[in-house]
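In terms of the UniProt record's numbering, the numbers along the sequence shown are unbroken and rise by one, the last being 368. Virtual Cβ for every residue (Gly too), placed ideally from N, Cα, C. Note that the structure is a prediction, hence the values are computed from the model and not measured. Contents: one structure, followed by commentary.
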Amino acid sequence: MNKRVIKALQESGIDCLPNERFSLDVDMFPENVEDSIFPATALFEKPKLREGKRKVEDHGGSFFRYFLDGSQRSWRVIDASIRGHYLPFCAGQVGVAVIERDDNGMFSPVRSLTTIRNVLAVPNLIGKDEILDIAGKINAELAENQHFTIVQYNYTSKEDKDPGDLGRAMIIDEMQREELRTIRKMIEQNKINDRAMLAKDGGLQYRKDKRDQELSPLKDDIVQLRNVVGLAKTFKPELILGKGRKRQSLGNLTKGLQWQERTTVIRPPDNRDTAYGWWYLRLRPTDWMYSPLQGVIKIEVFTMGEEKEEGISQGRADTLSSYVLAERNVTPYKADARWATHIYPIYLTETYLRASFLSHTRFKSLIF
1 MNKRVIKALQ
11 ESGIDCLPNE
21 RFSLDVDMFP
31 ENVEDSIFPA
41 TALFEKPKLR
51 EGKRKVEDHG
61 GSFFRYFLDG
71 SQRSWRVIDA
81 SIRGHYLPFC
91 AGQVGVAVIE
101 RDDNGMFSPV
111 RSLTTIRNVL
121 AVPNLIGKDE
131 ILDIAGKINA
141 ELAENQHFTI
151 VQYNYTSKED
161 KDPGDLGRAM
171 IIDEMQREEL
181 RTIRKMIEQN
191 KINDRAMLAK
201 DGGLQYRKDK
211 RDQELSPLKD
221 DIVQLRNVVG
231 LAKTFKPELI
241 LGKGRKRQSL
251 GNLTKGLQWQ
261 ERTTVIRPPD
271 NRDTAYGWWY
281 LRLRPTDWMY
291 SPLQGVIKIE
301 VFTMGEEKEE
311 GISQGRADTL
321 SSYVLAERNV
331 TPYKADARWA
341 THIYPIYLTE
351 TYLRASFLSH
361 TRFKSLIF
């Protein structure tokens, strides 16, 4: 019989009790929400848009061939008494999937690029040597595809945060690293090019240390990152754009977008080595939207070569926007509450990935 996680922890001298009071996998913590540390943003387009927005022609075609989604489910599963502290252990599943659209418009999962892992987040009161011992005990009797990766969270890093949120943040961190590994693998396999682009659910604003660690082997093929595009369904309307009297909130700018209009390209301010730029596009007409911000999608790209200094070219931003507009139909209307900013191929990828996760009951049986 498989050794449960809680049993392995108890054998390692950790006083722990099961905790099923709540799941951390709730809407108030969406995994792809915009998380910008920048207090303001700067214009980053060549030539600059004087009006701050521009209409994009819908050419009806798209060179997106691959669609990537990363998802996670997490729970606060155990409360433990460790060295005078009472702290949670969080567990979850992280996964990444890629779906390919062939020349006939048919979708199929790329199974070699589908990854699902179990993750256990523990407070950093537990040392690395102890973690290796605990992981050995947990995984010894599990099938390889059910092994747990154990990660540490710093329970003192943010005093205003619940430790359960800090644990879940490390599970999301593992999901994002898996996304970057998958992108790296696709580039190494020469799957991505100008006519076989990758659309990824969520933004590309990974922490620099994470990008450097997971993408550093790509220096010879860095140009292929041009063909990776992030599509984020959520953003922070309170972010400030511009300087002086021209300052305005992002929400004020995006609410005025008409169908097929996009904002100027934006970047973090005072960043000499800008790795990315982004803009916002109204994907659908406003007639059936309940909010002026509904139906606006964030498009994010890596910068290459001269773009790091001069900004994203207007032609590149327009072309990518037209590809995204071409993906707006069919829609997952009523099948997903986020339908207005969801493109259907990514919806399919997300649905396929989440169907591949263990059920709540099956995952729970690995813990208790």
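Tell me the DSSP bridge mates of residue i?
i, result
"Thr149", "Val119"
"Thr263", "Lys53"
"Ala232", "Lys298"
"residue 393", "Limits of the chain in this structure are 1 at one end and 368 at the other, which puts residue 393 out of reach."
"Gln93", "Arg73 and Asn118"
"His85", "Ile82"
"Phe63", "Answer is none; Phe63 lacks a bridge partner."
"Val98", "Leu68"
"Lys46", "Ser313"
"Asp15", "Ser81"
With distances taken between CB atoms, is the gap from residue i to residue j smaller than 8 Å?
i, j, result
"Lys236", "Leu250", "yes"
"Gly203", "Glu300", "yes"
"Leu293", "Thr263", "no"
"Ala199", "Leu225", "no"
"Thr286", "Gly277", "no"
"residue 369", "Glu141", "What the structure shows of the chain is the stretch from 1 to 368, and residue 369 is not part of that stretch, so it cannot be assessed."
"Pro88", "Gly13", "no"
"Tyr323", "Phe107", "no"
"Cys90", "Arg168", "yes"
"Leu257", "Lys53", "yes"
Over what stretch of residues does the alpha helix (DSSP H) that includes residue i continue unbroken?
i, result
"His360", "His360 to Ile367"
"Leu281", "Counting along the chain, Leu281 falls outside any alpha helix (DSSP H), though it belongs to the beta strand (DSSP E) covering Tyr276 to Arg282."
"Pro345", "Tyr344 to Ser356"
"Gln10", "Val5 to Glu11"
"Thr254", "Leu250 to Thr254"
Short of 7 Å in beta carbon distance, which residues of its chain neighbour residue i, apart from the five on each side in sequence? Order them along the chain.
i, result
"Val223", "Met304"
"Pro332", "Trp339, His342, Tyr344 and Tyr347"
"Ser365", "none"
"Arg73", "Asp25, Gly92, Gln93 and Phe357"
"Lys185", "Leu113"
"Gln260", "Lys55, Val56, Asp58, Arg282 and Leu325"
"Arg354", "Ser71"
"Ile150", "Leu120, Val122, Ile131, Ile134 and Ala135"
"His360", "none"
"Trp279", "Arg262, Thr263, Thr264, Val265, Ile266, Ile299 and Ala317"
"Asn227", "Ile192, Asn193, Asp194, Met197 and Leu198"
"Val330", "Tyr344"
"Phe363", "Gln93"
"Tyr352", "Ala97, Ile99 and Pro109"
"Ser81", "Asp15"
If you drop the 5 nearest sequence neighbours on each side, which residues of the same chain put their C-beta closer than 6 Å to that of residue i?
i, result
"Phe38", "Because Phe38 carries a pLDDT of 43, less than 50, the predicted location of this residue cannot be relied on, and the following value inherits that uncertainty. So the list reads Pro268, once near-sequence residues are dropped."
"His147", "Asn139"
"Asp27", "Low confidence applies here, because Asp27 scores a pLDDT of 40, under 50, leaving its location unreliable; read the following figure in that light. Counting only Cβ-Cβ distances below 6 Å, and skipping sequence neighbours, we find nothing."
"Glu179", "Gly70 and Val96"
"Leu9", "Cys16"
"Val98", "Tyr66, Leu68, Val110 and Leu113"
"Leu43", "Thr264"
"Glu238", "Ser249"
Looking only at its own chain, which residues have a Cβ that is under 8 Å from the Cβ of residue i, when we skip the five neighbours before and after it?
i, result
"Trp103", "A small correction: the amino acid at residue 103 is Asp; Trp does not occupy that position in the sequence shown. Same-chain partners within the cutoff: there are none."
"Leu320", "Val229, Ile299 and Val301"
"Glu31", "Caution is warranted here: a pLDDT of 44 is assigned to Glu31, below 50, making its placement in the model unreliable, and the coordinate value is therefore given only provisionally. Gly70, Ser71, Gln72, Ile172, Met175 and Gly202."
"residue 397", "For the chain, the structure presents residues 1 to 368; residue 397 sits outside this window and is missing."
"Lys137", "Lys3, Ala8, Glu11 and Ser12"
"Arg328", "Leu283, Arg284 and Ile343"
"Ala337", "none"
What residue does the beta strand (DSSP E) around residue i start on, and which one ends it?
i, result
"Pro268", "Run containing Pro268: none; DSSP gives neither H nor E here."
"Pro109", "Phe107 to Pro109"
Determine, using beta carbons only, whether residue i comes closer than 8 Å to chain D.
i, result
"Gly256", "The structure shown contains no chain D, having only a single protein chain."
At a cut-off of 7 Å, would you count residue i as near the ligand SAH, judging by its Cβ distance to the nearest heavy atom?
i, result
"Leu120", "Only the bare structure without any ligand can be found here, which leaves the ligand SAH out of the picture."
Which runs of the alpha helix (DSSP H), 4 residues or longer, sit entirely within the stretch 142–207? If we require 4 residues or more, the alpha helix (DSSP H) runs fully inside the stretch 142–207 come out as 163–188.
Notebook entry, point to check: Counting only runs that start and end within the stretch 277–316, where is the beta strand (DSSP E) found for 3 or more residues in a row?
Noted result: 296–302, all fully within the stretch 277–316.
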